[in-house]
Each structure stands twice: as C-alpha cells, then as structure tokens.
Amino acid sequence: MRRLVALALLLSACGGQSGEYAQQSQIPPEAIQSGYTFLQPETQALQDDDFANPGFLWVDKGETLFNQIPETGAPACASCHAADNRPLSGVAAHYPVMDEETGKLMNIEARINACRERHQDLAPLDHESDALLGLTAYVASLARGVPISVNIDGPARNYYEAGKDYFFLRKGQFNLACSQCHNDNWGKKLRGDTISQGHGNAFPAYRMEWQTFGSLHRRLRDCDSGIRAEPLDYGSATYMAVELYLAKRAEGLAMESPGVRR
Amino acid sequence: MKPAAAAALLCLLVPSACNQASNDRLASPVTIVGDAVPAPLEGRQGDAQRGQQVFTSRDSGHCLLCHQLASLDAEFQGNVGPPLTGIGDRLDAGQIRYRIIDAQTIWPDTVMPSYYRTDGLRQVGEAYKGAPALNAQEVEDLVAFLETQTD
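Structure follows, in structure tokens:
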C-alpha cells in the first residue's frame, strides 16, 4: 500500500502543474483594515488634512461641475440631486450597483456618464479626465466615513463571482493572483511598500507615484502590470466585477476618498 | 499536499525517485535531479558581479523586492520571501538554479515567480509574451552570485 502511495505521488509529480488558481484564503472580518493603516505617518497626515490633501483639488473641481449648468443649457447635476431630492450623500458607499436600464453593473464613473447621456444629453466623459475624476471624487467625498455595503443578490451575484474569480486567478508572467499579495502577504514589505489588504475604499485617490489623481481601475491596472499581466480596459466588465468583489470583501470599512497613497 | 510539493518532498527524501525528471514549461529543456538542476542553463558560464546587478536592479531580477541580503548596502529590502543571507552555505548551485527558474513547481502556492518559465501562463503582458522573465545568462549570473553568499 505504501509503495502504491509513493508511486501515485511520483506519477502525479512528474506531470504535476501548479494550479491555475491560488488557494482560497480570506482575511478574518475582525482583521479588515484600510490601506491607510499601512501608510507612512506623513502620508496619513496629508490625507487627513483637507487643505493639504491634493485630492481636494479634484473634489472642488467636481463640485463646481456638479452645480454648473452645462453650455448646452441642459440641467445641472445639482438640479436633479439636492438635499431634499435624490440626495447623493452616502450613495458611493453602496456602489457598484446593477443598472436597471442596461442590466449591467455600474460604478460611480459609469453612473455619472449614464446621467450625462440620459438626463443631460451630453457625451460621456473620458476615463481619467479631470472632469470625470473630479465628479467621481466629489460624489465619493459625500460618502466619506460611511461604511461600505453593497448588494450582491440577484443579477449582481454573477458579477461578484466573476470578480472573485479574477481575484484568485493566477496571471501574468509572474503567475500571481491578487489574493497572494493582499490576502496572504499583507503587512509584509515589498521593497519600500507595505502590502495592504488591497481595498478600494480610498479611490479615486491621489497617488504620489502618478503625481496625480486616479481611479480604482488605474490602480488595478498597475497591480496587473506589476505581475506582468496585460492590464484590462478602464471600465471593463471584469474590472467592474472586481470592484464589486472588493467592495463586498471590504464591507464595513469606511469610505476614504479622496485618499492619498504612495 | 499538492502533487508538485509532494514531488519535491519525495525528491528530498529519496533523491533517486525523481532522478532525471524533465520540465517542459521552461524556456529551454532542463534536467531535474532531486531538488536541483545541476547543469548550467544552455551551458552558460555565470558571472557573480553581473549577478549582483541582476539581483538588485529594478529593471532586471529585482530580487530585493522580496528578499534581504545582509551583504548588500541597499535600502528597502523586502521581506515577503526569506532572507538570502548565507544562502550559499545552505544550498548548492543546482538547488539555487532550480529555485530561481521554477520555484512554483517546488512550492505550488509560492509568490516567488518562476523566472525561466514560458508555458501555460495566462494574460501575459504584450511586452513579455513568449520570453522568460530572466534569460539563461541572467539566471547563471544570479546562481554564481548567490553561491558566493556564505556567512
């Protein structure tokens, strides 16, 4: 019997391939913490000070755009969203959501562009444009401090599963999964960076490495490029799905945008 | 235990059991003996000084991302992987070579990349398709460098 076991091991060993997926792992709910925890105190201080935090340049720009009547004379965002009428305070903490009109998952950026097309008769804004980042940052800032909670029931479930799949899929020339850094090795040093748990609660955020403000999808593209995987498109269905998975995974964590990161 | 891990363990316990296994997912054929790849890749001669460059350089191996090496005077050494100080006392050249070229066969769940692997990968970035992360010469330079790392 023992010989058989050894033989079986040997046979499987010789044709053995490492798995396509990383092992299932999870951060215990009581250990969930924001990327903020792992920042240098100077970076934390910058995020904490609304006057010094460079992200507020975008928030302010977004607020102006929000209240402005477009050149076409279309209604301003503010004319449909006021304190007593479809208020936006806190809503970003529950995104992404299913869009009833298209049946697709939609993040804040996509919602803003949908409002432009459907209610303002305006063209969608480009990904990473100052205008889209600004509006997104303004809306996200209205949810600062609100605990993340998202709905993954019904049709959103498929997106959640797809996002989870991507999180554990090994990919790129380095053949690594998101989970291997952010579930299995958070708190350790990757040269100058302390690996965080990979939550999206600070985004859109100002990143020193970018020397500018950017979206969560830009951050995801950096992580994919870091493992030498081909990054996906901004706004792609898969990154939307990852965004939903990350939000569910971070449930209860407070929204921080505009965050400041290394 | 995953098959490859079992294999590595078996190889450690009974080296003859795994004699002459081959690995066909790498950039050039290698022969695995026990837990080592004794022959230099493509028969190349390594150079320890160049190996130090490969080890530290951001555009090359950049092993410092995850490993510490006390002999180097470099800031911000990573600790995702074990320190490699004194590695030349613990492992021989063939063992070091195998760990650099295909650590993910030895430890299937490891975050250490398989630097000489080309096959069976997904979503590889356009700029990196078809080539290993380190070529045969760079691997041999690294082996030569790490062999000299004795306490």
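Quick note, the sequences are listed as chains A and B, same order.
Mapping of the first sequence onto UniProt numbering: residues 1 to 262, in sequence order.
Mapping of the second sequence onto UniProt numbering: residues 1 to 151, in sequence order.
Yeah, the Cβ is synthetic: ideal placement off N, Cα and C, and Gly gets one too.
- Per DSSP, A:PHE203 lies in no alpha helix (DSSP H) segment and is marked neither H nor E.
- Contacts with chain B at 8 Å (Cβ-Cβ) do not include A:GLN24.
- Ranked by Cα distance from A:GLN173, the options B:GLN77, B:LYS129 and B:ALA136 are led by B:LYS129.
- The beta carbon of B:VAL54 does not come within 8 Å of any beta carbon belonging to chain A, so the residue lies off that interface.
- Scanning chain B for C-beta atoms nearer than 8 Å to the C-beta of A:LEU246 yields nothing, as the closest lies near 19 Å away.
- Spanning the alpha carbons of A:ARG261 and B:PRO40 requires a straight line of approximately 43 Å.
- DSSP places A:TYR21 in the strand class (E or B) of the three-state scheme.
- If you check the CB distance, A:ILE108 and A:ALA92 come in under 8 Å.
- Approximately 12 Å separates the beta-carbon atoms of A:LEU232 and A:ASP222; this is outside 8 Å, ruling out the contact.
- Taking a contact as a CB-CB distance under 8 Å, the pair A:LEU244 and A:LEU105 counts as one, their CB atoms being some 6 Å apart.
- Listed along chain B, no residue sits closer than 7 Å to A:ASN53 by beta-carbon distance, the nearest being about 25 Å off.
- Boundaries for B:VAL37: no alpha helix (DSSP H) harbours it, and the DSSP string shows neither H nor E there.
- Put simply, the CB of A:GLU230 is near chain B, with a gap under 8 Å to one of its CB atoms.
- The residues GLY62, LEU65, PHE66 and ILE112, in chain order, have a CB closer than 7 Å to that of A:LEU135 in the same chain once the five nearest residues on each side in sequence are set aside.
- Beta-bridge analysis with DSSP links B:SER22 to B:THR31.
- With a contact defined as Cβ atoms closer than 8 Å, B:LEU84 and B:LEU146 qualify at about 7 Å.
- Residue environment analysis places A:ALA82 among the exposed positions, since fewer than 16 neighbouring C-beta atoms fall within 10 angstroms of its C-beta.
- Straight through space, the alpha carbons of A:ASP48 and B:VAL37 are spaced by roughly 53 Å.
- Residues ASN107 and ILE108 of the same chain have their beta carbon placed closer than 6 Å to that of A:TYR95, with the five preceding and five following residues left out of the count.
- For B:VAL80, the residues of chain A that pass the 9 Å Cβ criterion are CYS181, ASN185, LYS188, LYS189, LEU190 and ILE195, in the order they occur in the chain.
- Here B:ASP35 is not near B:ILE87, since their CB atoms are 8 Å or more apart.
- Taking 8 Å as the threshold, the shortest C-beta distance from A:LYS164 to chain B does not fall below it.
- The beta-carbon of B:LEU146 is placed no less than 8 Å from the nearest beta-carbon of chain A.
- Here B:ALA133 is not bridged, per DSSP, to any residue.
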